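Numbering (my numbering), first residue to last: 1 to 133.
Even for Gly, the Cβ is constructed at its ideal location relative to N, Cα and C.
Everything numeric in this text was worked out from a predicted model, so none of it was measured.
What follows is a set of notes on a single structure, which appears directly below.
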């Protein structure tokens, strides 16, 4: 019974990683090509730095999802940096939303909810994977 549970877990982790990979690619490309849809502004001046850092973060989480999808038994420890990155993004977005709360800043709230959910799921999967290690 335990063996089947372990096999099912690794298959589920692979499937979830593939779903995350597709989502990260789509959102990363959308943010790269049309950042104004997320921020309501065109890239200019100091915002270019933040846009660059956002693209770098999306690239990083995409590669983490790819590695875990390719071989979850080897790369499951990468779920921890994924969880930390997404939870940090969530907390900072929620902070800025609370400071700037208005209808034009609802993307901050949405990002906080989405990244927070991804972070919690990644952390839970990390904890479960440690039991099968």
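Query, Result
"Quick one: what does DSSP say residue 93 is sitting in, helix, strand or coil?", "helix"
"Can you grab the Cα-Cα spacing for the pair residue 58 / residue 84, in whole Å?", "14 Å"
"Can the beta-carbon of residue 115 be found less than 8 Å from the beta-carbon of residue 98?", "no"
"For residue 88, which of helix, strand or coil comes out of DSSP?", "helix"
"In chain order, what residues of the same chain lie with their CB nearer than 7 Å to the CB of residue 123, ignoring the 5 residues before and after it?", "83"
"Does DSSP put residue 60 in a helix, a strand or coil?", "helix"
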